[in-house]
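K.L.:
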Amino acid sequence: RYQIQALVVSKAPIREMARILGRSPSTISREIRRNRPNGILYRASKACHRAQRKRAGLHPRHKISGSIRAYVEEKLILGWSPEQIAGRLALDGTSVTHETIYQFVFRNFREDAGNLYRHLPRKRKRRRSQLSHKRYVLAGKRLDLPWIDSRPQLVEARTRLGDYERDSIVGPRRQGSALLTIVDRKSRLTKLGKLQTLGSNDAHKLTVRLLRGLPLNTITNDNGPEFSMFDSTSKQLKIPIYFSKLYCSWQRGTNKNTNGLVRRFFPKGTNFNDVTSEEIRKVEALLNSRPRKCLGFRTPLEVQNDQVGCCIGFLNSSDRQSKAPSSHNR
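Residue numbers for the sequence shown follow the working numbering, beginning at 15 and rising by one.
1) From which residue to which residue does the beta strand (DSSP E) around K208 run?
2) Identify, in the order they occur along the chain, each residue of the same chain with its Cβ nearer than 6 Å to the Cβ of L230, setting aside the five sequence neighbours on each side.
3) Based on the DSSP secondary-structure assignment, which residues constitute the bridge partners of I196?
4) Which residues in the same chain as G213 place their Cβ atom closer than 8 Å to its Cβ, once the five residues preceding and following it in sequence are excluded?
5) Between which two residues does the beta strand (DSSP E) harbouring Y256 extend?
6) Unbroken beta strand (DSSP E) runs of length 3 or more, entirely within the region 214-281: which are they?
7) If we count Cβ pairs, one from each stretch, closer than 8 Å, do we get three or more for the region 182-194 versus the region 206-226?
8) First and last residue of the alpha helix (DSSP H) that includes D320?
9) Measuring alpha carbon to alpha carbon, tell me which residue in Y116, D198, R132 is nearest A171.
10) How about I28 and I54: are their beta carbons less than 9 Å apart?
11) Considering only their Cβ atoms, is the gap separating L301 from T204 smaller than 9 Å?
12) Would you check if the region 280-297 and the region 256-266 touch, i.e. whether three or more CB-CB distances between them fall below 8 Å?
13) From the DSSP output, in three-state form, read off R304 for me.
14) Would you report the Cα separation of V22 and R67, rounded to the nearest angstrom?
15) Where do the N-terminal and C-terminal ends of the alpha helix (DSSP H) with G310 fall, by residue?
16) State the Cα-Cα distance for the pair R187 and G238, rounded to the nearest angstrom.
17) Assuming contact is defined by CB atoms lying nearer than 9 Å, are G101 and K270 in contact in what I supplied?
18) Excluding five sequence neighbours on each side, which residues of the same chain lie with their C-beta closer than 8 Å to the C-beta of F311?
19) Where do the ends of the alpha helix (DSSP H) carrying T111 lie?
20) Terminal residues of the continuous alpha helix (DSSP H) containing G93?
21) Starting from Y16, trace the alpha helix (DSSP H) both ways and give me its first and last residue.
22) Please tell me whether I183 and L225 are closer than 9 Å, where the distance is taken between their beta carbons.
23) For my contact list, G93 and R277 are in at a C-beta cut-off of 8 Å; report their separation, rounded to the angstrom.
24) Can you tell me the Cα-Cα spacing of T41 and E113, whole angstroms?
25) What is the C-beta distance between Y56 and Q19, in whole angstroms, given that I count them as a contact (C-beta under 8 Å)?
26) Taking R132 as the reference, which of S38, S81, T111, E87 has the closest Cα?
27) How is the alpha helix (DSSP H) around L168 delimited, first residue to last?
28) Out of curiosity, what's the CA-to-CA distance linking S201 and R223?
29) Please tell me whether H218 and T173 are closer than 9 Å, where the distance is taken between their beta carbons.
30) Buried or exposed: which applies to P166, given that a residue is buried once 16 or more other Cβ atoms fall within 10 Å of its Cβ?
31) Is D236 closer than 9 Å to D181 when the C-beta atoms are compared?
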């Protein structure tokens with residue numbers, strides 16, 4: 015500003031000032047106009063004082079405190095992302111951006127040596143799938159599988175409940191127990207169950223049990239040998255079952271994304287022999303009661319219950335969505 019004052023006194027043109035100071039002519043012109051009322055000579059000291067007063071009058075940055083802070087901390091610990099928390103708060107009339115929540119988490123670490131950052135979702139390095147012949151023995155032996163190409167276009171549209179994607183999450187070296195995951199394409203409602211073995215009979219029985227009482231239209235799964243009894247499952251549930259193509263996991267993107275969320279609770283290398291049914295039910299409840307951006311920050315349970323018109327039977331006290339604090343509590 016003192017350079018501007020000297021250039022103004024020397025009657026240098028605006029463009030010359032801009033060239034010397036490395037600023038745009040409009041910036042220089044605006045600075046002089048704001049601090050030269052009624053044609054009075056531009057004074058750097060008064061311009062600095064005016065700028066300081068203006069900055070002091072700005073609204074302070076939004077700080078997360080009180081009930082909002084308690085809510086944010088609670089949901090971070092439950093595995094919600096800052097974007098999900100901000101979206102959910104917005105539904106209840108509270109305006110907090112996800113960037114504000116990130117800054118709150120980082121300040122918690124820098125200033126208070128807190129560990130909230132440990133609950134932030136991590137982006138993992140994408141790895142090329144390592145697919146063995148044993149894993150895809152079903153596709154190798156059965157060329158007449160009902161492929162996803164024959165699945166009705168209605169399923170792709172996600173306009174109804176009851177179209178599921180199915181997969182299994184295995185333990186180290188594919189030994190012992192595994193986790194069966196089933197997710198509704200529309201509501202993202204997730205059902206989890208423990209497979210004692212990767213045998214097809216176990217997968218068949220568990221699928222029938224997990225889907226009992228839910229809307230049923232179709233199932234789409236991969237070509238793992240655990241799903242080789244798909245004919246029996248199809249007949250018992252009275253719905254068609256389809257298979258995604260080899261090396262095309264994106265054809266079951268909803269299921270793959272859900273598996274990634276499950277892996278936050280059961281990291282790669284987890285031995286499911288050591289995981290209890292109660293732990294699995296708890297993770298299922300957490301996933302179904304956490305808001306999703308693709309659902310307008312509503313939860314899978316809320317979407318499912320709105321569609322079927324009643325509360326789902328497996329909902330218990332641990333599943334209930336705690337109400338976000340209203341804006342007047344901030």
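Glycine included, each C-beta is placed from N, C-alpha and C at the ideal position.
P.N.:
Reading off the structure:
1) Residues 204-209.
2) These residues qualify, in order along the chain: G176, L251, I253.
3) According to DSSP, which records beta bridges pairwise, I196 is partnered with R180, K205.
4) E240.
5) Segment 255-257, the beta strand (DSSP E) holding Y256.
6) For the region 214-281, whole beta strand (DSSP E) runs of length 3 or above, ordered along the chain, are 232-235, 255-257.
7) When C-beta atoms of the region 182-194 are compared with those of the region 206-226, three or more pairs fall below 8 Å, so the two segments count as touching.
8) Run containing D320: 314-322, per the alpha helix (DSSP H) assignment.
9) Of the candidates Y116, D198, R132, the residue whose Cα lies closest to the Cα of A171 is D198.
10) In this structure, I54 does not lie closer than 9 Å to I28 by Cβ.
11) Yes, the Cβ-Cβ distance between T204 and L301 is below 9 Å.
12) Per the Cβ contact rule, the region 256-266 is not in contact with the region 280-297 (fewer than 3 Cβ pairs under 8 Å).
13) Assignment of R304 by DSSP, reduced to helix, strand and coil, places it in the coil class.
14) V22 and R67: Cα-Cα distance of roughly 23 Å.
15) Per DSSP, G310 lies in no alpha helix (DSSP H) segment and is marked neither H nor E.
16) It is roughly 15 Å from the alpha-carbon of R187 to the alpha-carbon of G238.
17) For G101 and K270, no; Cβs fall outside 9 Å.
18) If we look at F311 and ignore the five residues flanking it on each side, its Cβ neighbours are Q98, G101, R102, A104, L105, P305.
19) Element bounds for T111: n/a, residue is neither H nor E.
20) Per DSSP, G93 is not a residue of any alpha helix (DSSP H), being assigned neither H nor E.
21) Element bounds for Y16: 16-23.
22) Not closer than 9 Å, so no.
23) The C-beta distance from G93 to R277 rounds to 11 Å, too long to fall under 8 Å, and the pair is not in contact.
24) The alpha-carbon atoms of T41 and E113 are separated by roughly 29 Å.
25) Right, the Cβ-Cβ distance comes to about 6 Å (below 8 Å), so this counts as a contact.
26) The shortest Cα separation from R132 among S38, S81, T111, E87 belongs to E87.
27) From DSSP, the alpha helix (DSSP H) with L168 extends over 167-171.
28) Our two residues, S201 and R223, have alpha carbons roughly 19 Å apart in a direct line.
29) No, the Cβ-Cβ distance between H218 and T173 is not below 9 Å.
30) Counting other Cβ atoms within 10 Å of its Cβ, P166 stays below 16 and is therefore classed as exposed.
31) A contact, by the Cβ cut-off of 9 Å.
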